[in-house]
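Participant: Residue numbers (the numbering used here): 1296 to 1684.
No residue lacks a Cβ here, since even glycine has one placed at the ideal position from N, Cα and C.
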Ligand SMILES: [Zn+2]
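1. What separation, rounded to the nearest whole angstrom, lies between the Cα atoms of residue 1638 and residue 1343?
2. For residue 1489, verify whether its CB is less than 7 Å away from any heavy atom of ligand 1.
3. Would you tell me roughly how many angstroms separate the C-alpha atoms of residue 1317 and residue 1556, rounded to the nearest one?
4. Let's test the definition: count the other Cβ atoms within 10 Å of the Cβ of residue 1458 and tell me whether it reaches 16, buried, or not, exposed.
5. Just mark residue 1667 as buried or exposed, buried being the case when its beta carbon has 16 or more other beta carbons within 10 Å.
6. Helix or strand or just coil, what does DSSP make of residue 1345?
7. Going straight from the alpha carbon of residue 1348 to that of residue 1655, what length do you get?
8. Would you kindly work out how many angstroms separate the C-alpha atoms of residue 1398 and residue 1434, rounded to a whole number?
9. For residue 1417, list the residues DSSP reports as bridge partners.
10. Identify, in the order they occur along the chain, each residue of the same chain with its Cβ nearer than 6 Å to the Cβ of residue 1687, setting aside the five sequence neighbours on each side.
11. Does DSSP classify residue 1652 as helix, strand or coil?
12. In the structure shown, what three-state DSSP assignment does residue 1629 receive?
13. How many whole angstroms separate the CB atoms of residue 1477 and residue 1436, which I take to be in contact at a CB cut-off of 8 Å?
14. Helix, strand or coil: which one does DSSP assign to residue 1269?
15. Whole angstroms is fine: what's the gap from residue 1382's alpha carbon to residue 1569's?
16. Give me the DSSP bridge partner(s) of residue 1400.
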């Protein structure tokens, strides 16, 4: 759009100055401002969350519908739900209040660690126990696991008419991966060897901080193994997203990514399966500044990768939780975290969407405004660059 049209629009808008104009102006400044709702299950806390979302000018509230502990609504698929009283559904209440305030609601589906009540409810074969008695990872090789996740997604979309879905499979499979019968069978087909031994071998080197020697047969096996896991995750994501689109036609789907699954997500965005990706930086603070720097360069690499497809498909995540800070002690203070997000947004040099997960005190909201402004700066810089071409 050229400058003349922009000026005309601005003049028109200032004549008919109204709420709609403010909304448009804000949309112009920032593509989407998504606030991740903290899982709460009483109406007072939800009310506060909505007030802060409005104050912080968020246009989307991403709310956990299903997380590691169960559902935030009464589900017909599983019994594990996090409501306090039988007659109060936190997810339903939050969706209704958000809509009244013109905020769109995206349902978060946690496809990663499961624990608590779910742990007791689903068959053991669907889960991979990572060593802790109360937490498990769903096995992506198990069709029953995938079906359960898909059914929950369909239920959430049908029941609440969610405006979008956020799939969190960030930590689906960590350093110790599933070695259930199905995974062993699948691996055996492609590698003709025992998966458990291969993983033990890989783990052995990792534990002493050594790289696997290049002449070790483990090198090739590890490649086959990660290709298999990628394929399993791709299968799960593709089926899950197809089910979401069937239930809610045109429903946007966001997936949260990390370095490990970057190519998988990149390919699925390219194929048009995933609509948008979110780079989330939950973990950097726990490991100190070095880890943050690695996140930042990782985010820049990923941003560059995704800019090949379409920049608007990328969302940057920001996070600040003082409870984590108090527990971890090593974390920088929240404003410092957010200050770094500003630097990151500026360094990317183009407008992006922001996904904020954390506290919404006035101080945090002020910092977020600064990030929004940073994105506006980035956008005007990008516009100037374009006009020079
Ligand atoms: Zn398995």
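Facilitator: Inspection of the coordinates gives the following:
1. 29 Å
2. Not under cutoff, so the answer is no.
3. Low confidence applies here, because residue 1317 scores a pLDDT of 37, under 50, leaving its location unreliable; read the following figure in that light. Spanning the two alpha carbons is a distance of roughly 38 Å.
4. buried
5. buried
6. helix
7. 8 Å
8. 35 Å
9. Beta-bridge partners assigned by DSSP to residue 1417: none are found.
10. As displayed, the chain neither begins before 1296 nor continues past 1684, which places residue 1687 out of reach and without an answer.
11. Three-state result, residue 1652: strand.
12. Confidence at residue 1629 is low in this model, with a pLDDT of 48, below 50, so the placement of that residue should be treated as unreliable; the coordinate-derived value is given next. Helix.
13. 4 Å
14. Nothing about residue 1269 can be read from this structure; the chain reaches only from 1296 to 1684.
15. 36 Å
16. 1356
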